[in-house]
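Peer 1: Sequential numbering from 1 applies to the sequence shown in full-length UniProt numbering. Structure incoming, see below.
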Amino acid sequence: MRALVYHGPGESSWDTAPDPGIEDAADAIVRVDTTTICGTDLHILEGDVPEVRPGTVLGHEAVGEVVEVGGGVRAIRPGDRVLVSCISACGRCRFCRQAMYGQCRGGGGWVLGHLINGTQAEYVRVPFAEMSTYPLMGGMGDEAAVLLADILPTAYEVGVLKGGVRPGDTVVVVGAGPIGLAAILTAQLYSPGRIVAVDLAPARMEAAKQLGADVVADAAQGPEQLVDDLTDGLGADVAIEAVGVPESFELCTRVVRPGGRVANIGVHGRSATLHLEDLWIKDVTISTGLVDTYSTPDLLRMVAAGRLQVSSLVTHAFGFDRIKDAYDVFSHPADTAALKVALHREPSHESLLPQP
Ligand SMILES: NC(=O)c1ccc[n+]([C@@H]2O[C@H](COP(=O)([O-])OP(=O)(O)OC[C@H]3O[C@@H](n4cnc5c(N)ncnc54)[C@H](O)[C@@H]3O)[C@@H](O)[C@H]2O)c1
Ligand SMILES: [Zn+2]
Ligand SMILES: [Zn+2]
C-alpha cells in the first residue's frame with residue numbers, strides 16, 4: 001500500500017509500505033476512503049512528540065470500509081462503512097470502564113499515528129476494533145464524518161461539557177482554529193447567551209463569526225475590557241482555551257467570572273503560570289483533558305439529524321497522492337485560510353470542494 005511515513009523531524013514521504021494484517025483477534029483492517037491532517041501531526045513533524053518512531057505511518061482520523069476482522073470481532077464486519085476514532089479503547093481497563101478511553105491502560109488511548117501505524121494510508125489496522133470504530137449511516141458524507149474522529153469530540157467533551165456550558169452563559173473561546181471553531185459550534189447546542197471568540201488571525205475571526213460567534217475579539221487588543229463590558233464587569237461564565245500557549249490560558253483565567261469555569265483544551269509545550277494569588281478567592285474551576293471520544297455516537301446522531309452543521313470546517317480536499325500539497329496548505333492557514341483538509345482515496349472528490 002501507499003502511506004505517509006514519518007522519517008524523523010521535518011521528514012515524511014508518501015511511500016510504499018507493507019499492507020497491515022490482523023495481529024490480534026480484536027483487530028480490524030480498514031480501507032481508508034477519507035482521512036485528514038491534525039495540528040498534532042504538525043507537532044510530530046516538528047519533533048515535539050519524540051515517542052513517534054521513524055517509520056511510523058502518521059494520522060489518527062479516518063472514514064473507510066472494513067475489509068478484514070480478527071476472530072474476536074463480532075460487532076463490525078467486512079463491507080461495513082465506519083468512522084475510525086482517534087482514540088482506541090481496550091474496553092476492559094479501569095479507565096475504559098468509566099468511558100475515559102483516552103486514558104486506556106490496556107493498549108488503547110491515542111495510539112494511531114503515534115505508537116502504531118496510523119490512518120494517512122490506503123489501509124490501517126485498528127486495534128480493539130469494536131470499541132474504536134463507529135458504524136456510519138448511509139447519508140452522512142465522508143467530510144462530515146471524518147471531523148468526528150477527533151476535533152468535534154475534543155471540542156465538545158474537553159471544552160463545552162467540561163466547561164459546563166449552560167443556557168444563557170457568556171462563553172469565551174480563546175483560539176479559533178479547528179478546535180476552537182468546533183467548540184463554538186457545539187457550545188450552541190446549549191443555547192448560551194453569547195459566544196465571544198478571541199484569536200489573532202483575521203481569517204480565523206471571520207470563520208468564528210460564520211460558525212456562530214456573536215462577538216469576535218483580537219487577542220492582541222486586550223479582550224478583557226470587551227468581556228467586562230459585555231458582562232457588566234462580572235466576566236465570562238465559561239472560558240475555553242483552544243490554543244495551547246501560556247498567554248491564552250492566562251487570558252482565560254483573567255476573563256472568567258467568580259464561580260466560573262475555565263476548560264483547557266490546548267496542548268501545552270511550555271509552563272503557564274497559575275495566578276492563584278488572584279484566583280483563590282474567585283471560586284473558579286479549571287479543567288483539563290485529553291479527548292475520550294465517548295461523545296462520538298451522540299455527535300454522529302446530531303450530524304445525521306442536521307442538528308450540527310460541521311461541513312464548513314472542511315475548506316480543502318485532495319487525493320491521497322497529493323498529501324504533501326495538503327500538508328502545505330494546512331500548515332499555512334494565514335495564506336490559505338485552511339481549516340480542515342480532507343484527503344480522499346478517489347481524487348475525483350477534489351473538485352467537490354472549493355479551492356482557494
Ligand atoms: N485536549 C485534547 O485532547 C486535544 C486534542 C486535539 C487538539 N488539541 C489541542 O487544541 C489546540 C487547538 O487545536 P487547533 O487544531 O485548533 O490549533 P490551531 O493552531 O489550528 O489553532 C490555534 C488558533 O489559536 C490562535 N492563536 C494563537 N495564539 C493565540 C493567542 N495568544 N490568543 C488567541 N489566539 C491565538 C491561532 O491564530 C489559531 O487560529 C492545540 O493546542 C491542539 O494541540 C487538544
Ligand atoms: Zn488530532
Ligand atoms: Zn482500556
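C-beta: ideal position from N, C-alpha, C; glycine also. Just so we're clear, the structure is a prediction, and the values are computed from it rather than from any experiment.
Just jot down, in chain order, the residues whose CB lies closer than 5 Å to any heavy atom of ligand 2.
Peer 2: After applying the 5 Å Cβ criterion, the set is 38, 40 and 150.
Peer 1: Do you know how far the Cα of residue 173 is from the Cα of residue 184?
Peer 2: 7 Å
Peer 1: Looking at the structure shown, is residue 116 part of a helix, part of a strand, or coil, going by DSSP?
Peer 2: Three-state DSSP puts residue 116 in a strand.
Peer 1: Given a cut-off of 8 Å on the beta-carbon distance, is the pair residue 341 and residue 326 in contact?
Peer 2: yes
Peer 1: Taking the straight line between their C-alpha atoms, what separation do you get for residue 4 and residue 125?
Peer 2: 15 Å
Peer 1: Secondary structure at residue 358, three-state DSSP: helix, strand or coil?
Peer 2: Since the displayed the chain opens at 1 and closes at 356, residue 358 lies outside it and no answer follows.
Peer 1: Just list the alpha helix (DSSP H) runs in the UniProt domain "Alcohol dehydrogenase-like N-terminal" (26-130), keeping only unbroken ones of 4 residues or longer that don't cross its boundaries, in chain order.
Peer 2: 39-45
Peer 1: Going by other Cβ atoms of all chains shown within 10 Å of its Cβ, with 16 needed for buried, is residue 97 buried or exposed?
Peer 2: exposed
Peer 1: Please name the residue or residues paired with residue 263 in a DSSP beta bridge.
Peer 2: 240 and 287
Peer 1: Grab me the residues of residue 75's own chain with a C-beta within less than 6 Å of its C-beta, minus the 5 sequence neighbours each way, in chain order.
Peer 2: In the same chain as residue 75, and ignoring 5 residues on each side of it, the C-beta atoms closer than 6 Å to its own belong to 130, in chain order.
Peer 1: So residue 240 and residue 213 are in contact, right, with Cβ under 8 Å, and what is the actual spacing, rounded?
Peer 2: Cβ atoms of residue 240 and residue 213 stay farther apart than 8 Å, at about 12 Å.
Peer 1: Within its chain, find whatever has a CB closer than 7 Å to the CB of residue 179; leave out the 5 residues flanking it on each side and keep chain order.
Peer 2: 151, 154, 155, 242 and 265
Peer 1: Which partner residues of residue 133 appear in the DSSP bridge assignment?
Peer 2: 84
Peer 1: Ligand 3 heavy atoms versus the CB of residue 108: any closer than 7 Å?
Peer 2: yes
Peer 1: What three-state label does DSSP hand residue 317 in the structure shown?
Peer 2: strand
Peer 1: State the Cα-Cα distance for the pair residue 163 and residue 333, rounded to the nearest angstrom.
Peer 2: 28 Å
Peer 1: The alpha helix (DSSP H) that contains residue 197, what's its start and end?
Peer 2: Counting along the chain, residue 197 falls outside any alpha helix (DSSP H), though it belongs to the beta strand (DSSP E) covering 194-199.
Peer 1: Which residue marks the beginning of the beta strand (DSSP E) containing residue 16, and which one marks its end?
Peer 2: According to the DSSP assignment, residue 16 belongs to the beta strand (DSSP E) that extends over 12-16.
Peer 1: Could you give the distance in angstroms between the alpha-carbon of residue 336 and the alpha-carbon of residue 92?
Peer 2: 44 Å
Peer 1: Could you check whether the Cβ of residue 86 sits closer than 7 Å to any heavy atom belonging to ligand 3?
Peer 2: no
Peer 1: Three or more C-beta pairs closer than 8 Å, one from the region 111-123 and one from the region 51-66: is that the case here?
Peer 2: yes
Peer 1: Candidates 282, 181 and 138: which alpha carbon is nearest residue 261's?
Peer 2: 282
Peer 1: Pick out whichever of 109, 123, 312 and 226 has its Cα sitting closest to the Cα of residue 28.
Peer 2: Selection 109, 123, 312 and 226 evaluated against residue 28 yields 123 as nearest (Cα-Cα).
Peer 1: Suppose the cutoff is 8 Å on Cβ atoms and the five residues either side in sequence are ignored; what does the same chain contact list for residue 132 look like?
Peer 2: Contacts found: 84, 85, 87, 88, 89, 108 and 126.
Peer 1: Does the region 6-26 come close enough to the region 242-252 that 3 or more CB-CB pairs lie under 8 Å?
Peer 2: no
Peer 1: Could you give the C-beta distance for residue 289 and residue 158, rounded to a whole number, given that I count them as a contact under 8 Å?
Peer 2: By a beta-carbon distance limit of 8 Å, residue 289 contacts residue 158. Their separation comes to about 4 Å.
Peer 1: In this structure, how does DSSP classify residue 245 when only helix, strand and coil are distinguished?
Peer 2: Of the three classes helix, strand and coil, the one that applies to residue 245 here is coil, per DSSP.
Peer 1: Distance check for residue 255 and residue 224, CA to CA, integer angstroms please.
Peer 2: If I take the Cα positions, the gap works out to 6 Å.
Peer 1: Under DSSP, the beta strand (DSSP E) around residue 342 begins and ends at which residues?
Peer 2: Note, residue 342: beta strand (DSSP E), 340-344.
Peer 1: Beta-carbon separation of residue 142 and residue 231 under 8 Å?
Peer 2: no
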